[in-house]
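Residue numbers (the numbering used here): 17 to 171. Backbone N, C-alpha and C fix where the C-beta goes; we use that ideal spot for every residue, glycine too.
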């Protein structure tokens with residue numbers, strides 16, 4: 017279903033051909049044309065509730081970064097949850113450098129309209145670029161993989 021593409025300040029600059037064809041951080045395929053001149057926009061948010069894609073001008077725009085994420089379906093390699101809070105490193109991209117973070121357990125809550133069971137909150141020392149629901153996050157201590165899960169929400 018088609019919908020609006022708006023800037024972070026609310027200005028409509030285009031139309032998308034279906035919100036599920038796009039991903040956070042994407043810059044190609046938006047077909048914004050002359051509406052933006054030579055400015056480069058990146059997808060910062062996909063608002064399913066009103067079928068709107070929010071774009072941010074430039075790769076370093078603050079709307080493209082988040083410091084905290086919620087994770088579900090965590091599989092701990094040793095078979096049991098480590099003592100929490102856990103200071104470790106994490107990656108949300110395959111070739112990404114390890115990112116310092118803290119992992120905490122969250123109470124069950126509604127995320128995206130669904131009741132979720134065991135959730136974890138990951139707080140990064142440095143904000144992370146273009147984090148999206150559905151991506152994996154993997155936790156490490158030095159060279160040991162501790163486990164990982166699926167991002168279900170990014171603020």
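Taking the alpha carbon of residue 25 as the point to measure from, which residue in 44, 113, 69 and 155 has its own alpha carbon closest? 69
On a CA-only basis, which of 86, 149, 148 and 134 is nearest residue 118? Give me that one, please. 86
Look up residue 103 in the DSSP assignment and give the residues it is bridged to. 118
Ignore the nearest five residues each way along the sequence and tell me which others in residue 55's own chain have a CB closer than 6 Å to its CB. 73
What does a CB cutoff of less than 8 Å around residue 77 pick up in its chain, not counting 5 residues either side in sequence? 24, 58 and 60
Span of the beta strand (DSSP E), counted from its first residue to its last, around residue 59: 57 to 63
The beta strand (DSSP E) with residue 162 in it runs from where to where? 160 to 169
Select from 166, 98, 40 and 116 the residue whose C-alpha is nearest the C-alpha of residue 147. 40
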